[in-house]
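Report on the following structure.
Dropping the structure here:
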């Protein structure tokens, strides 16, 4: 049974579905729920092509709660396609219509019969969190797109789809997709990132044509399984976005198990990229040693984000991982977590765990700021929510992301250390008996 | 029955004839039947009472908010936290099982958890559509836990669908505060301070007003924003109450008057010279500080004359989309600065503010909508103003129509510096339109042309009872 949570960072399925859909160009959500649902999420999305108030929503009222909201939804769908430009409209239902039992399937079908490209996904918040909204609406589009649009099923051997990177919940999603694309194109593949810049319905129509689906988190597995069943496309689960050269090279090698790649081109690409990281690591060495960058650390975030950053910090930067806290919902009821690994999204538990594990550095979200200030240790934001910095295309993924993380983390460690020195100086002056 | 005694509050429409959908003119509003409700057959996302409730509770010191519903219903608190709201929040995190089997045990446990971690003086419980539909019993849990915990537990019966307007949330909050937190003793024992009721004003506006009170020598105590249990509890002892925005704060003001004989002084939002002068005089009178008010107004004379003579907005067509009373007061400031107002969109109209619009010396187009930017786009596309003054999140988009957006959420419009502050951002916005023009050239609104050409009220219908 779920428990009450302090400062939840996982929102709900409806808000996950809305955020996901909005990052596909030409796709319009039609939210069927009470008035505030959409705005609860959107008001925080300061970096977006949408302000929230531009999203079609039925804003159902008491009458529709009592007598059903089906006809209100019918009217809203009919009018949305007349007012809002779109290539695909996705009806998303929230808690209230699901409790009332509105027949969204029939309403959707009716508009399809009128020749409109309308599909649906039921996303009541009581069914799950943001992640479920992503996974569910992606599968809904995969399942229902062929009924309203043509899809291309002729496979292309060098073409891959990317899954499991959740728009907005993965705070660097846009930059991560760009870097993954750059890397895979660097070894000669064609990449369908499906979300963000330049990704519209055409990209989704090409999904069945991929030779391989690459899954970067648990949230992509059901999507990839669905595609395997539907279109016989194999998938590889790499579990997390690789950060830094070591994991990125492993990732590339894993892809070569599935797709034939020009070995010479691949090695040349890897060589250049790896040399870059080596160069910057060497440049950082003085700081690393002089300011004692080697810390014990705790890391907080979605499981996949924790894996990717944790791996880079321990295997490349030589830091010492004391505790891992996964904040995304568990998918397997019988999950057994390794030592010093926890799963919780309630703030005071997270703080308690960090206190107990004697960490000298925290990588987490902006919500970990308070505990780090209490413990007087530096912290770096790697997971949702990032409430202070604006993120456009930044990424800690791949070859370039590793260097970026080195840059950001060093800045934080350095400035923390300097502040400490200054504080010590003040303390010294207080202790010093010399008459001034 | 006194305002605070009722167990539950009716929706604002039933109490005040609130309209959240209207298209016409200020003067024609008088002819609208209060009982008649308009609805939209196409609508876009908007605020609701749960959001307004969460907004207004975020800065009550030593309080924690428990949002009783699925975890998404409190998501906006992340944003409010980022903007500086200090109180923590919990979600009862209802799942499917809870929606079937009931959620009172979870509510009980979450309140206890919140209490253990923070030991706050007040725990607010904010209900959501899911618990309202399932009719889960909140009151029983409150009664039981109040015995156990030494905190005031205040349930707020938001449901998100009985009222069409978000401002109903403020009424619900003030009703709950009045009912559970204001504790009257001797009704006649008054102290020499003023209740300054504020629900949504930004810090900059509040600061301007507090500085005026300081100059007047009046002790002003903010409630409920930035207050604490003690201040709310003792609010019945004030010499008078005023609300910074009558539309939002009237319920507490008139409730304190009705139940505790605290006179409620109705004022217009103090934006613009004339409005601020009037406001100052009315407030000063209640505390016998007329001389001081006169001196303050006199001291502004030259600054005011200079700005008015400059007529800095002359030749500019301006559209306003703001909260109702804020918009109406801003009209006066824009006129003072010689701007031409070509229309306004306001969140709602009701008995509290209708007369302000009807009494305007000039008529003007009025659109009543909370959000509904598709209608606003339709209007703007036809009348093509030079400037658009609006709120955070729903202003920048007008750049795509080639209109200069001015967002005033973080600007102090209240008081005598409002004109200068507003002109400061408008001057800059007009002086360098590089980004706005580029956006206009490269981005298009995603409304169909056929819609932009239709009449604006195409999707507005009279509600069938």
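Chains as they are written, first to last, in our numbering: chain A, 1 to 436; chain B, 1 to 465.
No residue lacks a Cβ here, since even glycine has one placed at the ideal position from N, Cα and C.
Taking all protein chains shown into account, do 16 or more other C-beta atoms lie within 10 angstroms of the C-beta of residue i, making it buried, or fewer, making it exposed?
i: residue 362/B; result: exposed
i: residue 209/B; result: buried
i: residue 336/A; result: exposed
i: residue 480/B; result: A question about residue 480/B goes unanswered here, because the residues of chain B that appear run from 1 up to 465.
i: residue 76/A; result: buried
i: residue 227/B; result: buried
i: residue 280/A; result: exposed
i: residue 468/B; result: The structure shown has nothing for residue 468/B, since chain B only spans 1 to 465.
i: residue 159/B; result: buried
i: residue 60/B; result: buried
i: residue 14/B; result: exposed
i: residue 441/A; result: What is shown of chain A runs 1 to 436, which leaves residue 441/A out entirely.
i: residue 150/B; result: exposed
i: residue 438/B; result: exposed
i: residue 467/B; result: In the structure as shown, chain B begins at 1 and stops at 465. Residue 467/B is therefore absent and cannot be evaluated.
i: residue 34/A; result: buried
i: residue 77/B; result: buried
What does the alpha-carbon distance come out to for the pair residue i and residue j?
i: residue 359/A; j: residue 342/A; result: 15 Å
i: residue 220/B; j: residue 68/A; result: 48 Å
i: residue 39/A; j: residue 53/A; result: 7 Å
i: residue 205/A; j: residue 230/A; result: 14 Å
i: residue 71/B; j: residue 142/A; result: 27 Å
i: residue 256/B; j: residue 198/B; result: 15 Å
i: residue 200/B; j: residue 243/B; result: 11 Å
i: residue 466/B; j: residue 124/B; result: Outside the shown range of chain B (1 to 465) lies residue 466/B, about which nothing can therefore be said.
i: residue 39/B; j: residue 59/A; result: 11 Å
i: residue 249/A; j: residue 192/A; result: 20 Å
i: residue 299/B; j: residue 206/B; result: 21 Å
i: residue 3/B; j: residue 258/B; result: 7 Å
Out of the options, point me to the one whose CA is closest to residue i's CA.
i: residue 165/A; options: 253/A, 221/A, 228/A, 321/A; result: 221/A
i: residue 130/B; options: 106/B, 94/B, 147/B; result: 94/B
i: residue 190/A; options: 167/A, 235/A, 157/A, 202/A; result: 157/A
i: residue 392/A; options: 196/A, 301/A, 200/A; result: 196/A
i: residue 144/B; options: 109/B, 354/B, 357/B, 163/B; result: 109/B
i: residue 309/B; options: 339/B, 282/B, 326/B, 293/B; result: 339/B
i: residue 50/B; options: 299/B, 146/B, 171/B; result: 171/B
i: residue 447/B; options: 80/A, 344/A, 266/A, 364/A; result: 80/A
i: residue 10/A; options: 55/B, 3/B, 331/B, 74/B; result: 74/B
i: residue 386/B; options: 358/B, 356/B, 425/B, 342/B; result: 342/B
i: residue 313/A; options: 268/A, 286/A, 333/A, 246/A; result: 246/A
i: residue 57/A; options: 353/A, 36/A, 202/A; result: 36/A
i: residue 133/A; options: 17/A, 311/A, 434/A; result: 17/A
i: residue 273/B; options: 43/B, 297/B, 262/B, 325/B; result: 297/B
i: residue 340/A; options: 24/A, 347/A, 357/A, 304/A; result: 357/A
i: residue 318/A; options: 303/A, 285/A, 346/A; result: 285/A
i: residue 380/A; options: 301/A, 352/A, 327/A, 400/A; result: 301/A
i: residue 352/B; options: 334/B, 373/B, 267/B, 389/B; result: 267/B
Return the Cβ separation of residue i and residue j in integer angstroms, given the expectation that the two are a contact with Cβ distance under 8 Å.
i: residue 45/B; j: residue 55/A; result: 5 Å
i: residue 57/B; j: residue 175/B; result: Their Cβ separation, rounded to whole angstroms, is 13 Å, which puts residue 57/B and residue 175/B out of contact at 8 Å.
i: residue 223/A; j: residue 163/A; result: 5 Å
i: residue 50/A; j: residue 42/A; result: 7 Å
Is residue i near the ligand FAD, in the sense that its beta carbon is under 7 Å from a heavy atom of that ligand?
i: residue 356/B; result: Ligands are entirely absent from the displayed structure, and the ligand FAD is therefore not among its contents.
Contact set between the region 326-346 of chain A and chain E, restricted to residues whose Cβ is under 8 Å from the partner:
Within the model displayed, chain E is absent; protein chains A and B are what it includes.
Would you say the region 82-91 of chain A touches the region 188-195 of chain B, given that touching needs at least three Cβ pairs under 8 Å?
With the cut-off at 8 Å, the region 82-91 of chain A and the region 188-195 of chain B do not touch.
Across the region 13-21 of chain B and the region 81-101 of chain B, are there enough close Cβ pairs to call them in contact, namely three or more that are closer than 8 Å?
Counting Cβ pairs under 8 Å, fewer than three are found: no touch.
Check whether the region 271-280 of chain B touches the region 379-397 of chain B, counting contact only when three or more Cβ pairs, one atom from each stretch, lie closer than 8 Å.
no
With three or more C-beta pairs closer than 8 Å as the rule, is the region 157-173 of chain B touching the region 247-265 of chain B?
As far as the Cβ criterion goes, the region 247-265 of chain B touches the region 157-173 of chain B, which means the pair count is three or higher.
With a cut-off of 8 Å, do at least 3 Cβ pairs link the region 221-240 of chain B to the region 430-438 of chain B?
Contact between the region 221-240 of chain B and the region 430-438 of chain B is absent: fewer than 3 CB-CB pairs across the two stretches fall below 8 Å.
Quick test of the definition: if touching needs 3 or more C-beta pairs under 8 Å, does the region 131-143 of chain A touch the region 96-103 of chain A?
no
Taking one C-beta from the region 178-194 of chain A and one from the region 389-409 of chain A each time, how about it: are there three or more such pairs within less than 8 Å?
yes
Kindly confirm or deny that the region 367-387 of chain B and the region 449-458 of chain B touch, where touching means at least three C-beta pairs closer than 8 Å.
With a cut-off of 8 Å, the region 449-458 of chain B and the region 367-387 of chain B count as touching, because enough Cβ pairs lie within range.
Between the region 349-367 of chain A and the region 291-303 of chain A, do three or more beta carbon pairs fall short of 8 Å?
Counting Cβ pairs under 8 Å, three or more are found: they touch.
Determine, using beta-carbon pairs with one atom in the region 101-121 of chain B and one in the region 75-90 of chain B, whether at least three such pairs fall under 8 Å.
yes
At a cut of 8 Å, does the region 200-215 of chain A reach the region 21-31 of chain A through at least three beta carbon pairs?
yes
How do the region 148-156 of chain A and the region 343-351 of chain A stand: do at least 3 beta-carbon pairs fall below 8 Å, yes or no?
no
Could you check whether the region 315-325 of chain B touches the region 346-356 of chain B, counting it as contact only if at least three pairs of C-beta atoms, one from each stretch, sit closer than 8 Å?
yes
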